[in-house]
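Student: The structure's right below; bear with me while I get my questions together.
Number of protein chains: 4
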Amino acid sequence: MRKPVVGIGLVGSGFMGRCHANAFRAVSGLFDIAVEPALRVLADATPELAQQAAGSLGFERGTGDWKTMVADESVDIVAITAPNVMHSPIAHAAIAAGKTVYCEKPLSTTAAIALDMTEAAEAAGVVNLVGFNFLRHPMIGLAREIIASGEIGEVTGFRGRHAENYMSDPDAPHSFRTDPQGGGALADIGSHIISMARYLIGPITQVQADCQTLHATRPTHPNSAERTPVFVDDMTHALIRFENGVAGSLEANWAATARNMDLSWEITGTNGALAFSQEQMNELQLYSTKRGRCGYTRIEAGPEHPPYGNFCPAPGHHLGFNDLKVIEVAELLTAHAGGAKAGPDFREAYEVQKTVEAMHASNLSRQWVTI
Amino acid sequence: MRKPVVGIGLVGSGFMGRCHANAFRAVSGLFDIAVEPALRVLADATPELAQQAAGSLGFERGTGDWKTMVADESVDIVAITAPNVMHSPIAHAAIAAGKTVYCEKPLSTTAAIALDMTEAAEAAGVVNLVGFNFLRHPMIGLAREIIASGEIGEVTGFRGRHAENYMSDPDAPHSFRTDPQGGGALADIGSHIISMARYLIGPITQVQADCQTLHATRPTHPNSAERTPVFVDDMTHALIRFENGVAGSLEANWAATARNMDLSWEITGTNGALAFSQEQMNELQLYSTKRGRCGYTRIEAGPEHPPYGNFCPAPGHHLGFNDLKVIEVAELLTAHAGGAKAGPDFREAYEVQKTVEAMHASNLSRQWVTI
Amino acid sequence: MRKPVVGIGLVGSGFMGRCHANAFRAVSGLFDIAVEPALRVLADATPELAQQAAGSLGFERGTGDWKTMVADESVDIVAITAPNVMHSPIAHAAIAAGKTVYCEKPLSTTAAIALDMTEAAEAAGVVNLVGFNFLRHPMIGLAREIIASGEIGEVTGFRGRHAENYMSDPDAPHSFRTDPQGGGALADIGSHIISMARYLIGPITQVQADCQTLHATRPTHPNSAERTPVFVDDMTHALIRFENGVAGSLEANWAATARNMDLSWEITGTNGALAFSQEQMNELQLYSTKRGRCGYTRIEAGPEHPPYGNFCPAPGHHLGFNDLKVIEVAELLTAHAGGAKAGPDFREAYEVQKTVEAMHASNLSRQWVTI
Amino acid sequence: MRKPVVGIGLVGSGFMGRCHANAFRAVSGLFDIAVEPALRVLADATPELAQQAAGSLGFERGTGDWKTMVADESVDIVAITAPNVMHSPIAHAAIAAGKTVYCEKPLSTTAAIALDMTEAAEAAGVVNLVGFNFLRHPMIGLAREIIASGEIGEVTGFRGRHAENYMSDPDAPHSFRTDPQGGGALADIGSHIISMARYLIGPITQVQADCQTLHATRPTHPNSAERTPVFVDDMTHALIRFENGVAGSLEANWAATARNMDLSWEITGTNGALAFSQEQMNELQLYSTKRGRCGYTRIEAGPEHPPYGNFCPAPGHHLGFNDLKVIEVAELLTAHAGGAKAGPDFREAYEVQKTVEAMHASNLSRQWVTI
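From first to last, the protein sequence lines are chains F, E, H and Z.
In terms of the UniProt record's numbering, the numbers along the first sequence are unbroken and rise by one, the last being 371.
In terms of the UniProt record's numbering, the numbers along the second sequence are unbroken and rise by one, the last being 371.
In terms of the UniProt record's numbering, the numbers along the third sequence are unbroken and rise by one, the last being 371.
In terms of the UniProt record's numbering, the numbers along the fourth sequence are unbroken and rise by one, the last being 371.
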């Protein structure tokens, strides 16, 4: 008996567009889901680009007009990897058409627009999911489970960071990333460590951030001699308080010269602690005062940490970045098919964005801001 | 313009069978190859098993008879993940049919049979490849390039190991792995570190090994109370000499209680050294006396290390184990399409197996054995 | 020719008192200094304690009255490891007597008192030094040298921490450490990371801190059932700005369950970065974009990093914590003998304390505080 | 009440001589031993050298004739850090004089001479100790205790190494280290990993070694243009079997370009494993299948691991290399004062040397050698 087929429409074929496409191609071989995705329509900036990308990524057809894709009857799920400013109109159209919406982070350029999108999706009752892929690793799930179980006691402190170096070169050009409309290190990657902090500990309710623009101007375009002033943050340090009273700090930094992927944190509890870095994404460090012979124990990912076993029956073989997207897509399809609700949904992404904006506000006012 | 389609036939649907299938599904989205694979026929032990696996892995049809699959006109490449003892008859049939053969390691149960397979493949002129997937990581390619360039000077020493713990439990049952016909830690995983040593330094010409069976009996079947005596090695330590005069040691150990995937080595040269462990498979450690401020530099995989960029345009995002198989399949398809020859081919796999057998012989004779 | 003898007087024989005594005993065998220390008088709370400690630590005599020690003509250097509240009177007496003063950190219980001590010492022109021993490691010196040389470009960010777990147990008793007079994690160990940040980057001019008391009460005395409310911080997170514009964050935490000695930092520059942790105190991590093959290079301490060679002629042999005190004492004696001025002096310690107090003030006001 | 004074005589004032002297100076401040050492006589190659060294290291007097020192009535313990070839005559003289003998490793240039020394010391009943200082670290003691307790089950495998780079430069000159009389990497540092293997697991009874001279000639003297042929090993790989049946391998390498101090091992047991490297000498890695959440736990040295607490009351503060010598000297003095016997004694050092020689023999014969 064949599984019901679910048609996929995708906007965008850049880094994340390719990542989505490949995840949809791979998912059925790895997860036993009630439905089978079919790559129907890829929309891109021009028909030519779309055609070419559709060919290379395995979609049935391409279109230069995302509205055509959204309206296509064969499309059940709309995946959005377009520039941030396009997220809202595409998502609204997909919601209006009653389709499942799967959007890359950040959900939109402002929290207000994100809220609008959230309310629309909720009112329409469509399945909606935002691509905070780093949450998908089994070791993050294990961390959450350990914290919830009380194994490290009551949480007392958080220290987190997302630091990369893709903008450390002062000649890295201006782009949507540095657009005052929703740009900056905090919005771009700070959102990852914020979403992870929320996932593991809970809502953040008070913030005080210090943002810095390290390079005052950047080339207007790649290799351009002309330069544009930059107003967004290259680096932000922030103090945070969670709803449950836990205090901590976090950093977002896209000019961290020595770091390719330092999405890392330590969570301390009264009876232990957990530590994680995306630099060793298949490991979780656990310290427990109850185990004797105290010290951080390096737990390697294995089949006992679902859904690792879907990828490999033996421990120590490592998931890669693209596998995280496959897990995300598996959860999306499961929710689409009426199974367990997938998260983080639009509302959660809106909350992350509100936290980012509160940090921006606190930076300007030099005051603590309550969210 | 559509690419020519290449039909894939697969034998087996276990760990490696799934891994092959998923790699063939994923490859076109990630690599731009001249041909497009189509999953045609999956052969398994029974028609029922085959049908079910074909469905879940995305093959057009299943069969309980591998001969049917090999003979199928729509099948151009025969991928073999059957039990080791089956490799030879399947490969010979595929070679006889003039098809490309892609076989899991070890190539066969004895070096003699492996040589037979090799000579048949060479005589027929068919493309042939063996699945030593750990060689595919960009950081192993980088290591090879660094060594070849003389960047660490002349190589003076090698120290390697492949240690896992999947048989450390004395109640891990007897299986094909512990069958005296081609079984044991040295044949099963020692072959990985041998193939890597050969890939990086060259042929091994003299060996002296010390094999040990740590658990004299194992359950006849999973959960069985009855036990079978075990004759193969759980752990082997060996001294080795390479053709170019370099000396070293290696260990194969499937009862290394603390290790999930310690496939690791250090290669020392007169002006530096390289170190690698599959436990941090996206890193290579480089020491160079010419750089000043001496110390191991931890190089993280990124787009400058092909084919990392096929998976992700940004560094630090990590490839996973399954991605290695995708790279392997991309090389296979490229070779099949008339592009660059892929390795390790049957002959190389035969050389690895000969090295394993020389180690077994030296263990029995307690003498150095020249290969 | 015998070297001139310098008489040492010490107050206190606890952890730090012993550490001072042993450093004075060891220093001449390791450093070639113009003078030779002689352990003259040890002062402690009672004559009995003092006598016993003098015996075990190798002092000529003990006294229950520190004034006697300070006044002793054979004493040239007064070393103070008494409770913090005693630092000021002892130091003032020693200064008045024209003696060299060597005081444990924190210099005093308040910045105001510390300033008083500083001005007295400066007016009297006596050599004065404060025991920020962690600055003494050759790798910290190397870090400073690398930063000053511009090797990592212009510094752009700082992220530091001093986290230990000695107060993570809620039943760790009240003591001078938890006394509102100068107590708390920030004053006790935050001062170390502040002094290191200043040493490496420069003065801190703006702060915003968030202090938390994690355990509201602690046993009044060791093993007491009665409990005292606690008002000092167990954990502080702070945002900081340096005089040169660099932004960053730091944490002081004595309830960091998993940490014995996480005095660590990363300093990012436009062309590289440095990272250090006291957990691997004999290593410095250097990242330089100018070296090619980018990645953190793990530099191990060796004779090329003075004064490592005074302890061992071969690299990789490791200095220990007590060796840091020997280096400190060597610098003290050198300054006493008229050689290079030793730091950090009282004024520097006062600046550290002022920074701590600014953080406390910002915590209360919830405002940024300019120092 | 003053403790009885024990007079120390020392031969040699190089790296190890200084190290001994400093340990004797420091020990009483750190350990409460029944006796108090006094540095009496330092013997060196010439009276001038001896005088100067006596002055800088704190000895009462120097002499150019070690016999004078040994005969000196004020000397109770003879510490030998002279060139290896001198160990035997000095030790025999000290033994004949009924004095405690403390000798650097290797005990002598041949096992036969070492046995002679051993039998003389045993016949005379004098306290004797050999300076295998790396055994003194509390974490090595902890490892031994864990193994003995059965916490990691029955030991099944050993993999060890002592690799440094002090001879990796082909222009590092000829010296006593490269003298065929007792020289080579195996004798010089291989002895450390052999002694550690014996300490932790037991006697080694069978060996098969492969020795290599990497640099066929070396400068006759430092900076000399003339070169001498080298006959000793720069690098040795060996297979070993312990008396209790455990198999393993070890490497001795003084031309390991990337390594300053890789004295490291992994010991695997049926229920766990231990791993250690002198590169992180204050840590022991423990894996236990009984603890759940499996993985290596990084145990940091602290006061619960005697005699760490003699150096510092707080964990995580790190012992250094020189502290190991202080522990050794504390054990020596305790034994001299009639307390617990200290090890490794001459007999143990002889056993180590016999193992080294068996390895040399096996290298020549290319056969396994039974000890």
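Cβ atoms here follow ideal geometry from the backbone N, Cα and C, with glycine treated the same way.
Everything numeric in this text was worked out from a predicted model, so none of it was measured.
Round the Cβ separation of T213(Z) and F231(Z) to the nearest angstrom and send it over; I've been treating them as touching at under 8 Å.
Tutor: That belief holds up - the Cβ atoms of T213(Z) and F231(Z) are roughly 7 Å apart, short of 8 Å.
Student: Do the region 22–32 of chain F and the region 82–97 of chain F touch if we need at least three Cβ pairs shorter than 8 Å?
Tutor: The region 22–32 of chain F is not in contact with the region 82–97 of chain F.
Student: Using the DSSP secondary-structure output, state which residues sit across from E283(Z) in a beta bridge.
Tutor: Per DSSP, E300(Z).
Student: Just the chain F side, please: which residues come within less than 9 Å of M117(H) by C-beta, in chain order?
Tutor: Chain F residues near M117(H): none, gap ~32 Å exceeds 9 Å.
Student: Are the beta-carbon atoms belonging to F134(F) and H87(F) less than 8 Å from one another?
Tutor: Taking 8 Å as the Cβ cut-off, F134(F) and H87(F) do not qualify as a contacting pair.
Student: Measure from the C-beta of G182(Z) to each C-beta in chain H and report whether the shortest distance is under 8 Å.
Tutor: So no, G182(Z) is outside the interface.
Student: Using a Cβ cut-off of 8 Å (strictly closer), state whether A197(E) contacts chain Z.
Tutor: It does not; no Cβ of chain Z falls within 8 Å.
Student: Determine, for Y166(F), whether the minimum Cβ-Cβ distance to residues of chain E falls below 8 Å.
Tutor: It does; some Cβ of chain E falls within 8 Å.
Student: List, from N- to C-terminal side, the beta strand (DSSP E) runs of 3 residues or more that fit wholly inside the UniProt domain "GFO/IDH/MocA-like oxidoreductase" (143–274) of chain F.
Tutor: For the UniProt domain "GFO/IDH/MocA-like oxidoreductase" (143–274) of chain F, whole beta strand (DSSP E) runs of length 3 or above, ordered along the chain, are 155–163, 204–212, 217–219, 227–229, 235–242, 247–253 and 262–269.
Student: Based on DSSP bridge pairs, tell me the residues matched to G9(H).
Tutor: In the DSSP output, where bridge partners are listed per residue, G9(H) has V41(H) and V78(H).
Student: Between V70(F) and G7(F), how many whole angstroms is the CB-CB distance? I'm expecting something under 8 Å.
Tutor: So it is not a contact: roughly 12 Å between Cβ atoms.
Student: Going straight from the alpha carbon of E300(Z) to that of N260(H), what length do you get?
Tutor: So the alpha carbons of these two residues sit roughly 8 Å apart.
Student: Thinking C-alpha only, which one of Q206(Z), M359(Z), V326(Z) and R136(Z) is nearest E243(Z)?
Tutor: Of the listed residues, the one whose Cα sits closest to E243(Z) is Q206(Z).
Student: Report the partner residues of E36(Z) according to the DSSP bridge assignment.
Tutor: For E36(Z), which the question treats as bridged, DSSP gives the partners V5(Z).
Student: Can you look up S108(H) in the DSSP assignment and give me helix, strand or coil?
Tutor: Reduced to three states, the DSSP call for S108(H) is coil.
Student: If you run the structure through DSSP and keep just helix, strand and coil, what is G17(Z)?
Tutor: If DSSP states are grouped into helix, strand and coil, G17(Z) belongs with the helices.
Student: Below 8 Å, how does it come out for the region 45–57 of chain H and the region 116–131 of chain H: are there three or more Cβ pairs, yes or no?
Tutor: Touching, no.
Student: Short of 8 Å in beta carbon distance, which residues of its chain neighbour P180(Z), apart from the five on each side in sequence? Order them along the chain.
Tutor: So the list reads F231 and V232, once near-sequence residues are dropped.
Student: Which runs of the alpha helix (DSSP H) spanning at least 4 residues fall entirely within the region 306–338 of chain H, listed in chain order?
Tutor: Listed in chain order, the complete alpha helix (DSSP H) runs (minimum 4 residues) inside the region 306–338 of chain H are 308–311 and 321–336.
Student: Classify K325(Z) as buried or exposed, calling it buried when 16 or more other Cβ atoms lie within 10 Å of its own Cβ.
Tutor: So K325(Z) counts as buried.
Student: Within this structure, are the beta carbons of F176(F) and P83(F) separated by less than 8 Å?
Tutor: Result yes, Cβ atoms of F176(F) and P83(F) sit closer than 8 Å.
Student: On the three-state DSSP scale, how would you describe T63(E)?
Tutor: If DSSP states are grouped into helix, strand and coil, T63(E) belongs with the strands.
Student: Would you please verify whether the beta carbon of F311(F) is less than 8 Å from any beta carbon of chain E?
Tutor: True, the Cβ-Cβ gap to chain E drops below 8 Å.
Student: How would you list, in chain order, the residues of chain F whose beta-carbon sits under 8 Å from the beta-carbon of R316(E)?
Tutor: The question names Arg, yet the displayed sequence has Gly at residue 316(E). Per Cβ cutoff of 8 Å: E164, R259, N260, M261, Q278 and E279.
Student: Could you name the residues of the region 220–239 of chain E whose beta carbon sits closer than 7 Å to any beta carbon of chain Z, in the order they occur along the chain?
Tutor: If the cut-off is 7 Å between Cβ atoms, the region 220–239 of chain E has M235, H237 and L239 near chain Z.
Student: Would DSSP call V70(H) helix, strand or coil?
Tutor: Here V70(H) sits in helix by DSSP.
Student: Give me the residue from V127(F), A349(F) and P138(F) with the minimum Cα distance to P306(F).
Tutor: For the residues V127(F), A349(F) and P138(F), the minimum Cα distance to P306(F) belongs to P138(F).
Student: Given that a residue counts as buried once 16 or more other Cβ atoms are within 10 Å of its Cβ, and exposed if not, what is P315(F)?
Tutor: So P315(F) counts as buried.
Student: Is there a C-beta anywhere in chain A that falls below 8 Å from the one on W265(F)?
Tutor: The structure shown has no chain A; the protein chains it does contain are F, E, H and Z.
Student: Please list the partners that E300(E) has in chain F, where partner means a Cβ-to-Cβ separation under 7 Å.
Tutor: Here the neighbours are N260.
Student: Exposed or buried, what is G338(Z) when buried is set at 16 or more other beta-carbons lying within 10 Å of its beta-carbon?
Tutor: With fewer than 16 other Cβ atoms within 10 Å, it is exposed.
Student: Could you spell out where the beta strand (DSSP E) holding N133(E) opens and where it closes?
Tutor: From DSSP, N133(E) is part of no beta strand (DSSP E); its letter is neither H nor E.
Student: Starting from F276(H), follow its DSSP beta bridges and name the residues at the other end.
Tutor: According to DSSP, which records beta bridges pairwise, F276(H) is partnered with W265(H).
Student: Please confirm if G160(H) has its CB atom under 8 Å from at least one CB of chain E.
Tutor: For G160(H), the answer is no, since every Cβ of chain E falls outside 8 Å of its Cβ.
Student: Contact criterion: CB-CB distance below 8 Å. Does R144(H) meet it with respect to chain E?
Tutor: Cβ-Cβ to chain E under 8 Å: no for R144(H).
Student: Can you name the residues of chain H whose CB is closer than 7 Å to the CB of F132(Z)?
Tutor: Result: empty, since nearest Cβ-Cβ is about 15 Å, beyond 7 Å.
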